[in-house]
Every structure is written in C-alpha cells, then in structure tokens.
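Counting from 1 along the sequence shown, just add 153 to a position and that's the residue number in our numbering. Don't be surprised by glycine CBs; every beta carbon is placed ideally from N, CA and C.
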Amino acid sequence: MGKKYELPQLPYGYNALEPHISEEIMKLHHDKHHAGYVNGANAALEKLEKARNGEIQIDMKAVLRDYSFNFGGHILHSVFWPNMAPPGKGGGTPGGKIADEINKSFGSFDKFKAQFSDAAKTVEGSGWALLLYDSQIDQLVLTQIEKQNFMHLPELKILLGVDVWEHAYYLQYKNDRGKYVESWWNVIDWDDVDKRFSSAEK
Ligand code: MN
C-alpha cells in the first residue's frame, strides 16, 4: 500500500468565518464529513488491493463508485476550505487577473455573481456549484455537481466552489440555502481564486 489520502488542515480557525459560517458547522464539516471522505477513499483503495491479492472478493462496480464518491468529496472540500477566508480578508470583489477574466467571460462581476448564485441555489438535492477554467475556449465556465461524484475526471481546473449539501448550512440557515449562498460571498478568498486561475491558465 502506497501513500494515503490525508485530511488537510483548515487554513484558519473553526470560528474564523463567523458570522457567515458558524464554528459548529465548520467543526463538523471538516472533522467529520471531510475526514469521512478521506477515510472512505483510503478504504476503497485498500479493498481494491486486497481483492487483487485474492484476500477478499468485491463488487467492483460498487467499490469504484464508492472510491469516486469519496475521492470527489475529498478533492472538492480541499478546494472549498482555502477558497474561503475570514470576512475582511475574504469577500468583496476580486482583483488581479481573475477580475479581468471574470469580466471577459461573464460581462461583469455582478453578472457573474448572479449567475453563480443561481447555479448554487438550483443544485438539485446535495451538490456543488463550481467555477472552472476551460482552456479550449479560454473562458471561465460554470458547472453543477450532483452529490460529489465526478468519477475522477475533473478535466477542467476548479477555481472556486461552494458546497450546497445541507451539512454545509442547515445548522445555521435551516432550509434557506439562498441566504447561505448570499452570506458565503462575504468569505470568498479572491487571492486564492486568482492563484488557482494563474496555475490553470499555464
Ligand atoms: Mn461538504
């Protein structure tokens, strides 16, 4: 067995995103949910290895689906945490190259914000809204992820993502996903998004 997936540390304290995202949510979300995806992805790899060695028999389709689900959760949350910063450092409008690219791709920041929010609010059930860079058309594009299962094929680099699973907001916002999404704009770390854009564009 080689290296394993590891749970990254949060780049700030559990309470750093308050009042927009509560300490209680951050603790559970990082320490239970994200940790669960890391453990799940490692467990799936272990099952595959044991099956190769003839130690166990597996339902290949189920194990690979499980691997993809947990891997997807790990990757998306690993972008989600550093995409955010405490209010003041986070929020506002972007600067740098990402600001120009947003204007080029969406017409203006306000048009982008409205369309991204709409994408986040309308995810059916649990999932994500993501901002991606598509080098084929040299543009930023939006996508929705249902649940978190993208079968290991994120061809386009993820620049910004918002988790709209109920575990991301329910304890604080109950069923008002829209209010959560509106608050989330106050904690976006645009420097992080800009860095991701610069490395995606290369
Ligand atoms: Mn989550």
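Using the rule of at least 16 other Cβ atoms within 10 Å of the residue's Cβ for burial, across every protein chain shown, is M237 buried or exposed? By the beta-carbon neighbour count (other beta carbons within 10 angstroms, threshold 16), M237 is buried.
Given 8 Å, three or more beta-carbon pairs between the segment 217-224 and the segment 312-321: The segment 217-224 vs the segment 312-321: no contact.
Residue interval of the beta strand (DSSP E) (run including W281): It spans 280-287 - the beta strand (DSSP E) in which W281 sits, taken as one unbroken run.
Host beta strand (DSSP E) of G314 (start-end): Run containing G314: 310-316, per the beta strand (DSSP E) assignment.
D347 and I228 closer than 8 Å at C-beta: no
Determine the closest residue to H186 out of P161, E202, A204, I209, with distance taken between C-alpha atoms. P161
Check whether the Cβ of H215 sits closer than 7 Å to any heavy atom of ligand 1, and report yes or no. Here the sequence assigns Ala to residue 215, which means His is not the residue at that position. Not under cutoff, so the answer is no.
Measure the beta-carbon distance from I341 to G244 and round it to whole angstroms, keeping in mind my assumption that it falls under 8 Å. 6 Å
In the DSSP assignment, what residue or residues form a beta bridge with Q292? D287
On the DSSP letters alone, give me the boundaries of the alpha helix (DSSP H) that A197 sits inside. 188-205
Spell out the partners DSSP gives E299 in its beta bridges. Note: E299 sits in a beta bridge opposite G280.
In or out: S261 buried (at least 16 other Cβ within 10 Å) or exposed? exposed
Could you spell out the range, first to last residue, of the alpha helix (DSSP H) harbouring I255? From DSSP, the alpha helix (DSSP H) with I255 extends over 249-259.
Where does G126 fall in DSSP's three states? Here the chain covers residues 154 to 355 and nothing more, so residue 126 does not appear.
Inter-residue Cα distance where the pair is Q292 and Q210: 45 Å
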